[in-house]
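Chains as they are written, first to last, in this note's numbering: chain A, 283 to 458; chain B, 283 to 458; chain C, 283 to 458; chain D, 283 to 458. To keep things clear, I will list the structure first and then write my remarks on it.
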């Protein structure tokens, strides 16, 4: 765990799965041919925007096909958004190569089996509290928050805090 | 329970009710004449797709009238989707006959009274943790997951694991 | 409580508030002028249909303004649906008079302050587990289910069971 | 805490953040360019209307951009609704000045970091049970209710009760 605290300081790229990480895994289906609706959490959104402002690189890789996810992630400043992805490992390898990202500087958060090969590329492997067992077994850090209920915020907050970039503009008090 | 573990190995057909099994039973009603919206879970969807790939036969029988359910189930590979069903027992008997399915090879998962007669046709009777009492009393296996929160995934995962078909492509590690 | 069990046998009219009783009180607001979306539960719907079939009289009285509520309640067989109601006591008194309903044959379920005067007209006063304190204090029966999570089903089931009208068509077994 | 009870009596202006206070922080995103959907709770709505009737001044200040929030808040009688706000402290200072509001007569409820500078302007600082740690540390009162699950109702009810304005029209009984 002290190792985990140390690793946080070297993270400058954060890669996330979408469903089950930004959401609780529920999709809402309608009967009129529209795309399923998905949830998103304002506190995760706030953390994403803060991370972008502080210079971190953010990516989302999902097997989902929802254009609203792309749109919302772009609005929040996430530069690299991949949807319709069958092989997350392959997509992540291409991204790492093109941006010159090393494993030890990369955090990955996922919740289910298709995340495992991509997760194993990251120096810091994280998952929500309600990830499946096989994912949990491979993670350095299991958030106390469920997917869609603060798991993304939790890891971004920890990375930024470890680098003294979290709470320095909201109060004159010294916040810790 | 050892009997239950043994039965899992012989299942090749899985039949599900929709509302209360794939969902928590909530439907979302709007005021503009559109069909009510229903939830669906990505982890259940992932398990369905995997089951289809591994050669299992999947069916959904629901009293509901939502065309989005049909569409989504078909997208995920569920071949037999019956909506508007008043008498689930009758529908299931016809399906069993036309496909030549024996009771001992069939699992049924339902949550409420209208499922009981169909449930009783199955060799392996399952329900979500939050099924009604009368259904629970008749089941061989009560999932630890609620409807809409992993109950479908739970039984598919157990069937595939019992047949060594679950976790063999996501990692080089021996997972068991 | 034995009194409560006795009273159940004489109920033939059930009157419900909508928000907080059929739902958890959440409404979903969109930005395009459409009516807010509301939840509904399939198990409550099943119980309503059963109650209608067995000859009970059902009414919904709500301050809400959602036409989808009217539509869905009518589909499920609820004959008397009043929306936009400011004074529930007055509406209920008119209904009782026109149908000749006596207090001792009427059950009312509500969850919040505006329900209190109407609730006090009923011989059997019920509320969901998460009703406000002032309502709970006035009830003969507080359901173990929250609003939107089975509270309606719970009271309908108890009325029908007390009159031996609940589980007589789903199985050859004696269910009691 | 006795201090808190005393302060309640002097509150005549209540200022709220929206996301995470009126809601659980979840927004629902669709894929067809429509505004994200947000939740709202009928019991909060009832309390808002009551507060307006009793002469309290209500304001909502949010960084969100949803026109449905404005519309619904206006319908419920909230006179001052500010959306798209980057700097809540600045907006609140302008409001306080233009209406001549003193700190000791003002309650603020928020849940996340961007609320802190505005929160610190209020004589009575409140937050939902699930506010972030940094906000909780600065509050006089932490509601036992989560955002979107009664937190707004809770503080309005307490203010009105402290001023003997809460339960005086729903029953002939003395409720206290």
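The beta carbon of each residue, even a glycine, is placed where N, CA and C say it ideally should be.
Query: Would you give the residue range spanned by the alpha helix (DSSP H) that residue 356(C) belongs to?; Result: 349–357
Query: Looking at the secondary structure, which residues open and close the alpha helix (DSSP H) in which residue 374(A) lies?; Result: 370–381
Query: Taking its Cβ as the centre, do 16 or more other Cβ atoms sit within 10 Å of residue 285(D), making it buried, or is it exposed?; Result: exposed
Query: What three-state label does DSSP hand residue 362(C) in the structure shown?; Result: strand
Query: Got a sec, what are the start and stop residues for the beta strand (DSSP E) residue 411(C) sits in?; Result: Looking at the DSSP string, residue 411(C) is not in any beta strand (DSSP E), and its letter there is neither H nor E.
Query: Taking DSSP as the reference, what is the three-state secondary structure of residue 320(B)?; Result: strand
Query: Can the beta-carbon of residue 302(C) be found closer than 8 Å to that of residue 330(C)?; Result: no
Query: Let's test the definition: count the other Cβ atoms within 10 Å of the Cβ of residue 436(D) and tell me whether it reaches 16, buried, or not, exposed.; Result: buried
Query: Taking 8 Å as the cut-off, decide whether the C-beta atoms of residue 291(D) and residue 440(D) are in contact.; Result: no
Query: What are the boundary residues of the alpha helix (DSSP H) that includes residue 401(B)?; Result: 398–401
Query: Please compile the residues from chain A whose C-beta is within a distance smaller than 7 Å of the C-beta of residue 369(D).; Result: The contacting residues do not exist; residue 369(D) stays about 11 Å from chain A at best.
Query: Can you give the Cα-Cα distance for residue 438(C) and residue 380(C), rounded to whole angstroms?; Result: 23 Å
Query: Would you say residue 307(C) reaches chain D, if we count a Cβ-Cβ gap shorter than 8 Å as a contact?; Result: yes
Query: Determine the chain C residues that contact residue 301(B) at a beta-carbon separation under 7 Å, and present them in chain order.; Result: 324
Query: Check residue 286(C) in the structure and name its three-state DSSP category.; Result: helix
Query: Below 8 Å, how does it come out for the stretch 402–409 of chain A and the stretch 419–435 of chain A: are there three or more Cβ pairs, yes or no?; Result: yes
Query: According to DSSP, residue 341(C) sits in a beta bridge with which residue or residues?; Result: 297(C), 362(C)
Query: Please work out which residues of its chain come closer than 7 Å, Cβ to Cβ, to residue 343(C), disregarding the five sequence neighbours upstream and downstream, and give them in chain order.; Result: 297, 299, 364, 367, 370, 373, 374, 400
Query: Any beta-carbon of chain B closer than 8 Å to the one on residue 445(C)?; Result: no
Query: Please report how far the alpha carbon of residue 324(C) lies from the alpha carbon of residue 414(B), in whole angstroms.; Result: 12 Å
Query: Please go through the same chain and pick out, in chain order, the residues whose beta-carbon is closer than 7 Å to the beta-carbon of residue 346(A), but skip the five residues on each side of it.; Result: 300, 301, 365
Query: Nearest-angstrom Cα distance between residue 425(A) and residue 287(A)?; Result: 14 Å
Query: Under a three-way DSSP split, which group does residue 389(A) fall into?; Result: strand
Query: Rank 442(B), 391(B), 310(B) by C-alpha distance to the C-alpha of residue 348(B) and give the top, closest one.; Result: 310(B)
Query: Closest Cβ-Cβ distance between residue 321(C) and chain B: below 8 Å?; Result: yes
Query: Determine the extent of the beta strand (DSSP E) in which residue 309(D) is found, giving its start and end residues.; Result: 308–311
Query: At the level of alpha carbons, what is the spacing between residue 385(C) and residue 289(C)?; Result: 11 Å
Query: Could you pull out every unbroken alpha helix (DSSP H) segment of at least 4 residues lying fully inside the stretch 426–450 of chain D, listed in chain order?; Result: 433–444
Query: Here's the rule: buried if 16 or more other CB atoms are within 10 angstroms of the residue's CB, otherwise exposed. What is residue 317(D)?; Result: buried
Query: Tell me whether residue 332(C) is buried or exposed, calling it buried when 16 or more other Cβ atoms sit within 10 Å of its Cβ.; Result: buried
Query: Give me the chain C residues within the contact set of residue 374(B), using Cβ-Cβ distance strictly less than 7 Å, ordered along the chain.; Result: Per Cβ cutoff of 7 Å: no residues; residue 374(B) is ~15 Å from chain C at best.
Query: Report the option in 350(B), 376(B), 338(B), 382(B) whose CA atom is closest to the CA atom of residue 361(B).; Result: 338(B)
Query: When the cut-off is 8 Å and only beta carbons count, does residue 440(C) lie next to chain B?; Result: no
Query: Check each residue of the stretch 374–394 of chain B: if its Cβ is closer than 9 Å to any Cβ of chain C, include it; give the result in chain order.; Result: 393, 394
Query: Decide if residue 376(D) is buried, meaning its Cβ has at least 16 other Cβ atoms within 10 Å, or exposed.; Result: exposed
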